[in-house]
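**Student:** Let me begin by handing over the structure; questions about it come next.
There are 2 protein chains.
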Amino acid sequence: MDASEKPYHHGNLRTALIEEAVKLAERVGSQGISLRAVARAAGVSPNAPYRHFPNKRALLAEVAAIGMAEIAVALNEVSAGAESLPTATETYTSFLVRRPGYAAILFSDELAGVESPALNQARADLFGAWLRHVEPSIAATVASPMAASEKIVAVARAWSAAQGIYTLRRSDSLHFLPDTVRPSPRQIGSFATRLQA
Amino acid sequence: MDASEKPYHHGNLRTALIEEAVKLAERVGSQGISLRAVARAAGVSPNAPYRHFPNKRALLAEVAAIGMAEIAVALNEVSAGAESLPTATETYTSFLVRRPGYAAILFSDELAGVESPALNQARADLFGAWLRHVEPSIAATVASPMAASEKIVAVARAWSAAQGIYTLRRSDSLHFLPDTVRPSPRQIGSFATRLQA
DNA sequence: CGTGGATGTTGACACCAGCCACTTCAGCCG
DNA sequence: CGGCTGAAGTGGCTGGTGTCAACATCCACG
Numbered sequence: 030m031d032a033s034e035k036p037y038h039h040g041n042l043r044t045a046l047i048e049e050a051v052k053l054a055e056r057v058g059s060q061g062i063s064l065r066a067v068a069r070a071a072g073v074s075p076n077a078p079y080r081h082f083p084n085k086r087a088l089l090a091e092v093a094a095i096g097m098a099e100i101a102v103a104l105n106e107v108s109a110g111a112e113s114l115p116t117a118t119e120t121y122t123s124f125l126v127r128r129p130g131y132a133a134i135l136f137s138d139e140l141a142g143v144e145s146p147a148l149n150q151a152r153a154d155l156f157g158a159w160l161r162h163v164e165p166s167i168a169a170t171v172a173s174p175m176a177a178s179e180k181i182v183a184v185a186r187a188w189s190a191a192q193g194i195y196t197l198r199r200s201d202s203l204h205f206l207p208d209t210v211r212p213s214p215r216q217i218g219s220f221a222t223r224l225q226a
Numbered sequence: 030m031d032a033s034e035k036p037y038h039h040g041n042l043r044t045a046l047i048e049e050a051v052k053l054a055e056r057v058g059s060q061g062i063s064l065r066a067v068a069r070a071a072g073v074s075p076n077a078p079y080r081h082f083p084n085k086r087a088l089l090a091e092v093a094a095i096g097m098a099e100i101a102v103a104l105n106e107v108s109a110g111a112e113s114l115p116t117a118t119e120t121y122t123s124f125l126v127r128r129p130g131y132a133a134i135l136f137s138d139e140l141a142g143v144e145s146p147a148l149n150q151a152r153a154d155l156f157g158a159w160l161r162h163v164e165p166s167i168a169a170t171v172a173s174p175m176a177a178s179e180k181i182v183a184v185a186r187a188w189s190a191a192q193g194i195y196t197l198r199r200s201d202s203l204h205f206l207p208d209t210v211r212p213s214p215r216q217i218g219s220f221a222t223r224l225q226a
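These protein sequence lines map, in sequence, to chains A and B. In short: position in the first sequence from 1, add 29, done, that's the numbering used here. In short: position in the second sequence from 1, add 29, done, that's the numbering used here.
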């Protein structure tokens with residue numbers, strides 16, 4: 030039974046590190062994520078992660094890429110329709126609320142200015158998911174057909190609005206407002222619907 | 030002339046620390062702000078800051094409060110008018126771009142979950158500045174008079190949208206889009222104007 | 001079998017936040 | 001003027017961190 034007790038080689042350390050990083054972020058927030066703590070959680074020495082990632086940022090970038098991909102999946106799962114813009118915004122922000130581990134990492138300070146091809150690809154894919162999901166909703170609310178660039182602008186705006194809701198919520202910048210008055214994803218979503226008027 | 034060379038007491042360390050923190054953040058980003066580096070920049074021993082701030086977070090909170098106040102001032106300086114919503118958004122985001130030191134600290138991970146009365150007050154004041162600046166613009170675009178809570182919701186949305194633009198820009202999440210298609214403050218601003226349609 | 005290369009470990013260095021005891025000095029009280 | 005006191009700054013220490021270099025282990029392929 031303890032054949033898996035303490036083998037010298039972990040066997041699946043790379044993915045284990047990624048999972049533990051998310052779980053750790055869930056518990057202690059983005060500040061508490063230390064590479065050593067992640068290694069500890071994976072039951073491995075402090076420097077073992079360096080066999081799989083060149084540095085801490087690379088691990089976080091990988092986690093962020095996976096998180097973005099999961100958001101894209103969530104967006105694709107929700108059925109798109111004429112009212113898809115509000116639901117997309119809702120889906121986006123509720124994912125970040127439901128998965129605080131990813132949320133903490135995705136836009137963490139440590140990742141600011143990190144160049145990672147995988148992360149860049151994930152960002153582009155996420156944008157694609159927004160675009161696909163939201164397109165019919167945009168098309169439905171506008172009279173004349175939109176140019177492609179207009180659609181892109183609209184989607185970028187929608188993502189920005191959703192991101193802003195979450196950021197202000199996370200920093201509790203609207204702490205003084207009663208819940209009923211704070212911007213909810215759905216409100217902003219329907220708000221975003223009107224941008225092509 | 031070197032009477033001011035190395036006096037044992039700095040004389041104005043508290044404000045000096047705040048200034049150096051901003052300058053440091055400007056150069057090295059939010060990750061590089063160590064209390065010791067700030068102390069070093071102020072020409073003082075690593076522990077001197079603890080005479081003026083209980084811990085690092087308290088210093089950062091103070092800086093953030095000042096930054097928010099400066100944004101509020103900027104909002105109040107711009108003349109408000111019927112088109113004030115786009116210009117408010119522009120003012121907000123351009124401040125963060127122009128003052129990356131404040132930007133790095135204002136929504137830094139380290140300040141997440143920090144309870145500071147001064148910071149909370151600054152947040153509320155900043156919201157007040159948004160409200161004052163943007164109110165005429167909102168009133169102008171709506172037919173019937175708005176309830177106070179509706180105005181508040183509208184302002185919270187506007188702030189969220191502006192914040193989202195900046196956050197996505199900072200993380201370069203829309204790196205794959207040409208500049209012309211990325212959401213600009215002005216676009217989002219006029220976008221926000223329409224929410225009461 | 002044996003060995004090479006991937007995977008983990010140990011040790012070390014420089015840095016950090018925060019605690020403590022100590023020193024310096026300015027201003028006040030006599 | 002001279003001594004005291006408390007605020008401001010210093011240096012030492014602990015526990016923690018990211019990262020590098022050298023070493024140990026072990027699986028897979030010859």
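Ideal Cβ placement from N, Cα and C applies to all residues, glycine included. On a predicted model such as this, the values are computed, not experimentally measured, just so you know.
For residue 179 (chain A), report the span of its alpha helix (DSSP H) as first-last.
**Tutor:** As a position in the first sequence, residue 179 (chain A) is number 150, starting the count at 1. Start and end: 177-199.
**Student:** Is the region 99-106 of chain B in contact with the region 116-130 of chain B, if contact means three or more CB pairs nearer than 8 Å?
**Tutor:** Yes, they touch.
**Student:** Where do the N-terminal and C-terminal ends of the alpha helix (DSSP H) with residue 114 (chain B) fall, by residue?
**Tutor:** Taking the first residue of the second sequence as position 1, residue 114 (chain B) is located at position 85. From DSSP, the alpha helix (DSSP H) with residue 114 (chain B) extends over 113-127.
**Student:** Measuring straight from C-alpha to C-alpha, what distance separates residue 204 (chain A) and residue 149 (chain B)?
**Tutor:** Position 175 of the first sequence, counted from the start, is the residue given in the question as residue 204 (chain A). Position 120 of the second sequence, counted from the start, is the residue given in the question as residue 149 (chain B). Distance between the alpha carbons of residue 204 (chain A) and residue 149 (chain B) is about 8 Å.
**Student:** Do you know whose CA, among A:58, A:146 and A:38, lies nearest residue 139 (chain B)'s CA?
**Tutor:** Your numbering for residue 139 (chain B) matches position 110 in the second sequence. For the residues A:58, A:146 and A:38, the minimum Cα distance to residue 139 (chain B) belongs to A:58.
**Student:** Checking 8 Å against the spacing of the C-beta atoms, do residue 113 (chain A) and residue 163 (chain A) come in under that value?
**Tutor:** Taking the first sequence and counting its residues from 1, the one referred to as residue 113 (chain A) is at position 84. Taking the first sequence and counting its residues from 1, the one referred to as residue 163 (chain A) is at position 134. A contact, by the Cβ cut-off of 8 Å.
**Student:** Quick one: measure Cβ to Cβ for residue 71 (chain A) and residue 90 (chain A), integer angstroms, because I've assumed they're closer than 8 Å.
**Tutor:** Position 42 of the first sequence, counting from 1, holds the residue named residue 71 (chain A). Position 61 of the first sequence, counting from 1, holds the residue named residue 90 (chain A). Contact doesn't hold; Cβ gap of about 18 Å is too wide.
**Student:** Going by DSSP, what residue range makes up the alpha helix (DSSP H) through residue 43 (chain B)?
**Tutor:** Position 14 of the second sequence, counting from 1, holds the residue named residue 43 (chain B). Counting along the chain, the alpha helix (DSSP H) containing residue 43 (chain B) begins and ends at 42-57.
**Student:** Just verifying my parser: in three-state terms, what is the DSSP assignment at residue 36 (chain A)?
**Tutor:** By one-based count along the first sequence, residue 36 (chain A) stands at place 7. Of the three classes helix, strand and coil, the one that applies to residue 36 (chain A) here is coil, per DSSP.
**Student:** With a threshold of 16 other CB atoms inside 10 Å of the CB of residue 137 (chain A), please say whether the residue is buried or exposed.
**Tutor:** Taking the first sequence and counting its residues from 1, the one referred to as residue 137 (chain A) is at position 108. Residue 137 (chain A) should be labelled buried.
**Student:** Starting from the Cα of residue 201 (chain A), find the closest Cα among B:156, B:173 and B:215 and give me that residue.
**Tutor:** Reading the first sequence from its first residue, position 172 is the one you call residue 201 (chain A). Measuring from the Cα of residue 201 (chain A), the nearest candidate turns out to be B:156.
**Student:** In terms of alpha-carbon separation, which member of A:95, A:52 and A:77 lies closest to residue 154 (chain A)?
**Tutor:** To locate residue 154 (chain A), count along the first sequence from 1; it is residue 125. Comparing Cα-Cα distances from residue 154 (chain A) to each of A:95, A:52 and A:77, the minimum goes to A:95.
**Student:** Does any residue of chain B have a CB that is nearer than 8 Å to the CB of residue 31 (chain A)?
**Tutor:** Position 2 of the first sequence holds residue 31 (chain A). Only weak support is given to the placement of residue 31 (chain A): the predicted model assigns it a pLDDT of 39, under 50, and the value that follows is read from those uncertain coordinates. Answer no: the Cβ-Cβ gap between residue 31 (chain A) and chain B never drops below 8 Å.
**Student:** Closest Cβ-Cβ distance between residue 63 (chain A) and chain B: below 8 Å?
**Tutor:** Numbered from its first residue, the first sequence carries residue 63 (chain A) at position 34. Not one chain B Cβ lies under 8 Å of residue 63 (chain A).
**Student:** Going by DSSP in three states, residue 166 (chain B) sits in which element: helix, strand or coil?
**Tutor:** Position 137 of the second sequence, counted from the start, is the residue given in the question as residue 166 (chain B). Three-state result, residue 166 (chain B): helix.
**Student:** Taking its Cβ as the centre, do 16 or more other Cβ atoms sit within 10 Å of residue 107 (chain A), making it buried, or is it exposed?
**Tutor:** The sequence position of residue 107 (chain A) within the first sequence is 78, counting from 1. The residue is exposed, with fewer than 16 neighbouring Cβ atoms inside 10 Å.
**Student:** Against chain A, with Cβ distances strictly below 8 Å, would residue 95 (chain B) count as a contact?
**Tutor:** Counting from 1 along the second sequence, the entry for residue 95 (chain B) is found at position 66. So no, residue 95 (chain B) is outside the interface.
**Student:** Nearest to residue 161 (chain B) by CA position, among B:195, B:185, B:128 and B:130, is which residue?
**Tutor:** Position 132 of the second sequence, counted from the start, is the residue given in the question as residue 161 (chain B). Among B:195, B:185, B:128 and B:130, the Cα nearest to that of residue 161 (chain B) is on B:185.
**Student:** Among B:63, B:66 and B:77, which has the Cα closest to the Cα of residue 39 (chain B)?
**Tutor:** Taking the first residue of the second sequence as 1, we reach residue 39 (chain B) at position 10. Measuring from the Cα of residue 39 (chain B), the nearest candidate turns out to be B:77.
**Student:** Just to confirm the assignment, what range does the alpha helix (DSSP H) spanning residue 96 (chain A) have?
**Tutor:** The count along the first sequence starts at 1 and reaches residue 96 (chain A) at position 67. Looking at the DSSP string, the run of the alpha helix (DSSP H) that includes residue 96 (chain A) is 85-106.
**Student:** Between which two residues does the alpha helix (DSSP H) holding residue 71 (chain B) run?
**Tutor:** Counting from 1 along the second sequence, the entry for residue 71 (chain B) is found at position 42. Neither: residue 71 (chain B) is in no alpha helix (DSSP H) and is coded neither H nor E.
**Student:** Suppose you measure from the CA of residue 196 (chain B) to the CA of residue 51 (chain A); what does that come to, to the nearest Å?
**Tutor:** Taking the second sequence and counting its residues from 1, the one referred to as residue 196 (chain B) is at position 167. Taking the first sequence and counting its residues from 1, the one referred to as residue 51 (chain A) is at position 22. Approximately 21 Å between the Cα atoms of the pair.
**Student:** For a quick check, are the C-beta atoms of residue 116 (chain A) and residue 191 (chain A) less than 8 Å apart?
**Tutor:** Taking the first residue of the first sequence as position 1, residue 116 (chain A) is located at position 87. Taking the first residue of the first sequence as position 1, residue 191 (chain A) is located at position 162. Contact: no.
**Student:** Taking C-beta pairs closer than 9 Å, name the residues in chain B that residue 204 (chain A) reaches, listed in chain order.
**Tutor:** Taking the first residue of the first sequence as 1, we reach residue 204 (chain A) at position 175. 149, 152 and 153, listed in chain order.
**Student:** Figure out for me which residue from B:209, B:187, B:198 and B:47 has the closest Cα to the Cα of residue 257 (chain A).
**Tutor:** This structure cannot speak to residue 257 (chain A), because chain A is shown only from 30 to 226.
**Student:** Taking Cβ positions, are residue 42 (chain A) and residue 64 (chain A) nearer each other than 8 Å?
**Tutor:** Counting from 1 along the first sequence, the entry for residue 42 (chain A) is found at position 13. Counting from 1 along the first sequence, the entry for residue 64 (chain A) is found at position 35. No, the Cβ-Cβ distance between residue 42 (chain A) and residue 64 (chain A) is not below 8 Å.
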